[in-house]
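Engineer: So the sequence lines, in the order shown, correspond to chains A and B. So for the first sequence, the numbering used here puts the first residue at 1; every next one is plus one. So for the second sequence, the numbering used here puts the first residue at 1001; every next one is plus one. Ideal placement from N, C-alpha and C gives every residue a C-beta, glycine not left out. Bear in mind that the values here come from a model prediction, so they are computed numbers and not experimental data. One structure coming up, written as structure tokens, with questions to follow.
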Amino acid sequence: MKSTLDRPNQTCLKSVKMQGITKRFPGVLANDNVDFDVEACEVHALLGENGAGKSTLMKILYGLYHQDKGNIFINDELVKINSPTDAIKHGIGMIHQHFMLVPTLTVAENVALGLPSTYGPLTDLKRVSARIIKLADTYGLKINPEAYIWQLSVGQQQRVEIIKALYRGADLLILDEPTAVLTPQEVDELFGIMRQMVSDGYALIFISHKLNEVIDISHRVTVLRNGVKIGTRPTSEVDKSDLAKWMVGHSIDFITTTEKITKGEARLQLDHINCESDRGAKGLADVCFDVRSGEILGLAGVSGNGQRDLAEVIAGLRKPESGRIYLEGEDVTGCNAHELTMKMMSYIPEERMRDGMIKDFTVSENMILREHDQPKFSKSGFLRLRAIENHTKELIDQYQIKTPSQKTHVKSLSGGNIQKLVLARELSRKPRIIVAAQPTRGLDIGAAEYVREQLILQRNEGTAVLLISEDLDEIFALSDRIAVIYEGRIMDILSRDEATKEKVGLLMAGVFPGAD
Amino acid sequence: MIEKLFSITVLLGIISSGIRLATPYLFASIGEAFSQRSGVLNLGVEGQMILGAFAAFYVVMKTDSLLLGVLAAMGVGALMGLAMGFVSVTLQAKQGISGIGFYLFGLGMSNLLFQTLVGTVETVNGFSNVPIPLLNRIPVIGDLFFNQNILVYLAFLLVPIASFVLNKTTLGLKIRAVGENPEAADSLGVSVAKIRYFTTIFGGAMSGLSGASLSIALLNVFQLGMTAGQGFIAVALVYFGAWRPWGVLIGAMLFSLINGLQLWIQVLGVDIPSEFAVMMPYILTILVLTISRTKHTTPSALTKVFEREG
């Protein structure tokens, strides 16, 4: 049963039409004359690469952005949506990709925020809690209204977001990349909830760039590319390769590691590593594994389970409390990043703009960041500008980095080209070990495939690769072995042959398959 | 000499002056706590205080009306708070630097006004003590706690009220949300700008009142630079009190007791150089700030400009 208690005087939202929406940001046409519509009782998927304009279009619908041109109709009536408040009044709710929750407040406080209270200026959290429990029961969303947000798992936080929207009487929910942070089992649960909502009369917009999920859950799909609408089709009439082609503009070969390579000696070994995370929380607990020459060890896990701490410990950016790290048999525990660089370890950091690049530096300055003090780039403290220039030119060609010049500031490059620049810097030095943290996050399909290809090339040449990724498809496509991390512990390490998505998914949730 | 400090009379004296001296800290710190809980670090408290102190003093001198004096101080403080809000919320300037600017403005302006409008040291008839019937008859503590001026009562009353507003009202919920995750608040239709304007104006009014409590209740004179860094200590107390009114109260009492002790050291002529005694509260500020673990309770959006993209 749909609850419309909150807006008794309002008719239900039956359809939303966006017509000729155009939105321009400085230098970018984010939406170019886009039409989009959604009706009650359906899931309409909005598919496109990063930067295709999906989020922009939805933020316009939710009143966070204002369109330069175009109209929005609700139940065939022209409406103006100038702010989220307007959107909420019209029965539109949005589940943002980055949750809009206040971690230091409770579930009930987050839900009550911004709503009038029955006690006037005083909060009425008891009443809010009771209604949350009622709503949660309807959709099997187990949640404790008194819990603080910071205590909840990512999946639970998402439920709070859904409850927040339902509590405000939303009839249309916009879900912006809702599966990006979930384990496969949590995705199944979410889809279950979505199906029930649709049968109860809700309209859902599902933003994604994951083709399998779009095909699984949606009734219709609209594809955007570079801000332009490519088309809308009933999902039953399309398949995965059609969608990929529309998204990218040309067909895509999905690469996987197929070539068998004989694995060599262990190049990177972690021996009972323990470390603290930021804020003094437990980061890593007793982590042991090794990465061998000629293999990609994939590290799967839900975001925030110690991946970042692990990458930083290996890269010499965070000190372990106990345990040893060995590079090619040599104890390197406590070595700093520079010493590790000299031992031919390369690191592709998760936050490329923060840890990988200095965005106000030029392409060539960034290209030599790691080795600027080596004889090939500097002599008696002076930079060898000519050598640097040639080196950069060579790599720009080799790695197909699209940049106006090598003197261009990195901040004006696209995400994909910045990642290529990081790759060029880290891979061109023929490293013995590579630690790649979320190397394709935020890249479009083409750039992501390029990065994956480069990692496989390195593996084939005998480099030991540790691939830390939250994208399970990527882990399965590239890894020779798959380790799963949960709350800072390595749950298990599976060979590619014995690993299935179900097994890995359970491990990611902290459950040992077969154990009750 | 030292043993003189530990007679009952002196201890009671220290507590009594501690309670009175806590008044300016309490007003300013609680105002600042509101502002910081919403994400605005106002370093101009000292400037708001001294201008408030002058306004109160001048109005009382001219009109003999304490109420008008208090209102003038709060009005001047609120105006400076409004200006701080405009600079940090609307113009999105760096809060630390603009706060220092407001401090220097308040200091300079109060000097200028004092010299052109008053010129010489004058005293005014400030608030007198108002004993609370019955309660003031309680032996020993009755006179300590229930025979103070009205601003002292008001300052201590402000603590539970502020705590209640922050934790039990929709306004408090909005303030806390805006200071922790303004994007989230914005996405629910809470106006980040309105809330931050409200807290900076309120904070300014409280700082002004704090200044008034010095010039027309505690000392009944105006002197150049009479706030002597108390506004900055008030900012430090917000950190010390972990952004909670009750925590601020503990901090304010601690500092003012040290201050009271310091005064009595001078009065009794204990052979500690008085300069060291005067330094004590400031040294304590630094010590407290280095040891208090504030990392976990700091409002996440403190000093961060909020701007909706697009």
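1) Between the segment 1190-1203 of chain B and the segment 1160-1180 of chain B, do at least 3 Cβ pairs fall closer than 8 Å?
2) Is there a Cβ of chain A sitting closer than 9 Å to that of Ser-1016 of chain B, yes or no?
3) Work out the CA separation of Gln-158 of chain A and Leu-13 of chain A for me, nearest whole Å.
4) What span of residues does the alpha helix (DSSP H) with Val-966 of chain B cover, start to end?
5) Taking only beta-carbon positions, decide if Ser-1300 of chain B is within less than 9 Å of chain A.
6) Take Ile-388 of chain A as the anchor and find which of A:Gly-140, A:Ile-95, A:Asp-397, A:Lys-376 has the nearest alpha-carbon.
7) According to DSSP, is Gln-454 of chain A helix, strand or coil?
8) Would you mind stating whether Ser-1213 of chain B and Pro-1024 of chain B have Cβ atoms separated by less than 9 Å?
9) With distances taken Cα to Cα, identify the nearest neighbour of Met-592 of chain A among A:Glu-351, A:Thr-403, A:Gln-458.
10) Can you tell me which residues form a DSSP beta bridge with Met-345 of chain A?
11) I'd like to know if the segment 323-333 of chain A and the segment 390-408 of chain A are in contact, where contact means that at least 3 CB-CB pairs between them fall below 8 Å.
12) Nearest-angstrom Cα distance between Ser-208 of chain A and Val-187 of chain A?
13) Quickly, what does DSSP pair Leu-173 of chain A with across the bridge? List them, please.
14) Counting beta carbon pairs with one atom in the segment 1059-1067 of chain B and one in the segment 1227-1237 of chain B, are three or more of them shorter than 8 Å?
15) Please list, in chain order, the residues of the segment 1154-1170 of chain B that have any C-beta partner in chain A closer than 8 Å.
16) Given this structure, state the Cα-to-Cα distance separating Leu-467 of chain A from Ser-277 of chain A, to the nearest angstrom.
17) So Ser-303 of chain A contacts chain B; which residues on that side make the cut at Cβ distance below 9 Å?
18) Can you pull the chain B residues whose beta carbon is under 8 Å from the beta carbon of His-96 of chain A, in chain order?
19) How long is the line joining the alpha carbons of Gly-93 of chain A and Ile-445 of chain A, rounded to whole angstroms?
20) Could you list which residues in chain A have their beta carbon closer than 9 Å to that of Arg-1037 of chain B, in chain order?
21) Listed from N- to C-terminal order along the chain, which residues in the segment 73-86 of chain A have their beta-carbon within a distance smaller than 8 Å of any beta-carbon of chain B?
22) Between the C-alpha atoms of Gln-1115 of chain B and Ile-1050 of chain B, what's the straight-line distance to the nearest angstrom?
23) Using only the alpha-carbon positions, how far apart do Gly-316 of chain A and Thr-222 of chain A sit?
24) Using 8 Å as the cut-off, can you tell me whether the segment 415-434 of chain A makes contact with the segment 359-374 of chain A, which would need three or more C-beta pairs spanning the two stretches below that distance?
25) Which residues, taken in chain order from the segment 166-192 of chain A, show a beta carbon closer than 9 Å to some beta carbon of chain B?
26) What does Pro-121 of chain A touch in chain B if you count any residue whose Cβ is under 8 Å from its own?
27) At the level of alpha carbons, what is the spacing between Gly-1081 of chain B and Leu-1166 of chain B?
28) Under a CB-based cut-off of 9 Å, is Lys-164 of chain A close to chain D?
29) For the segment 1249-1259 of chain B against the segment 1015-1030 of chain B, are there 3 or more C-beta pairs whose distance is under 8 Å?
30) For Pro-1160 of chain B and Glu-1032 of chain B, I'd like the C-alpha separation in whole angstroms.
31) Is the separation between the beta-carbon of Phe-1306 of chain B and that of Gly-1039 of chain B shorter than 9 Å?
32) Secondary structure at Phe-1232 of chain B, three-state DSSP: helix, strand or coil?
33) Would you be able to state if there are at least three C-beta pairs under 8 Å between the segment 345-361 of chain A and the segment 303-315 of chain A?
34) With DSSP as the reference, please indicate the residues paired to Ile-74 of chain A in a beta bridge.
35) Please report the residue range of the beta strand (DSSP E) in which Ala-266 of chain A lies.
Structural biologist: In this structure, then:
1) They touch, by the three-pair rule.
2) Ser-1016 of chain B does not count as touching chain A.
3) Computed Cα separation, rounded: 23 Å.
4) Residue coverage of chain B in this structure runs from 1001 to 1310, which leaves residue 966 of chain B outside it and unanswerable.
5) So yes, Ser-1300 of chain B belongs to the interface.
6) The shortest CA-to-CA distance from Ile-388 of chain A to any of A:Gly-140, A:Ile-95, A:Asp-397, A:Lys-376 is the one to A:Lys-376.
7) Looking at Gln-454 of chain A - three-state DSSP - the assignment turns out to be helix.
8) With a cutoff of 9 Å on beta-carbon distance, Ser-1213 of chain B and Pro-1024 of chain B are scored as near each other.
9) Outside the shown range of chain A (1 to 516) lies residue 592 of chain A, about which nothing can therefore be said.
10) Met-345 of chain A pairs with A:Ile-433.
11) Two segments are said to touch when three or more pairs of C-beta atoms, one from each, lie closer than 8 Å; by this definition the segment 323-333 of chain A does not touch the segment 390-408 of chain A.
12) So the alpha carbons of these two residues sit roughly 13 Å apart.
13) Paired residues: A:Gly-93, A:Leu-204.
14) They do not touch, by the three-pair rule.
15) So the close ones are Lys-1168, Thr-1169, Thr-1170.
16) Rounded to the nearest angstrom, the two C-alpha atoms are 20 Å apart.
17) At a beta-carbon threshold of 9 Å, none of the residues of chain B lie near Ser-303 of chain A; the nearest stands roughly 18 Å away.
18) Taking the beta carbon of His-96 of chain A as reference, the chain B residues within 8 Å of it are Ser-1187, listed in sequence order.
19) When rounded, the distance between both Cα atoms is 29 Å.
20) Think of a sphere of 9 Å around the beta carbon of Arg-1037 of chain B: no beta carbon from chain A falls inside it, the nearest being about 11 Å out.
21) Cβ contacts with chain B: Ser-83, Pro-84, Thr-85.
22) Approximately 14 Å, taken between the alpha carbons.
23) A direct Cα-to-Cα measurement between Gly-316 of chain A and Thr-222 of chain A gives close to 45 Å.
24) Contact between the segment 415-434 of chain A and the segment 359-374 of chain A is established, with three or more Cβ pairs separated by less than 8 Å.
25) Of all residues in the segment 166-192 of chain A, only Arg-168 come within less than 9 Å of chain B when Cβ atoms are compared, listed by chain position.
26) Ordered by position in chain B, the residues that pass the 8 Å Cβ test against Pro-121 of chain A are Thr-1169, Thr-1170, Leu-1171.
27) Looking at the two C-alpha atoms, the distance is approximately 19 Å.
28) Among the protein chains of the structure shown, namely A and B, there is no chain D.
29) Contact between the segment 1249-1259 of chain B and the segment 1015-1030 of chain B is present, because at least three Cβ pairs lie under 8 Å.
30) Per the coordinates, the alpha-carbon of Pro-1160 of chain B lies some 16 Å from the alpha-carbon of Glu-1032 of chain B.
31) Contact flag set, yes.
32) The three-state secondary structure of Phe-1232 of chain B, taken from DSSP, is helix.
33) The segment 303-315 of chain A vs the segment 345-361 of chain A: in contact.
34) Among the bridge pairs identified by DSSP, Ile-74 of chain A is matched with A:Val-16, A:Glu-77.
35) It spans 266-276 - the beta strand (DSSP E) in which Ala-266 of chain A sits, taken as one unbroken run.
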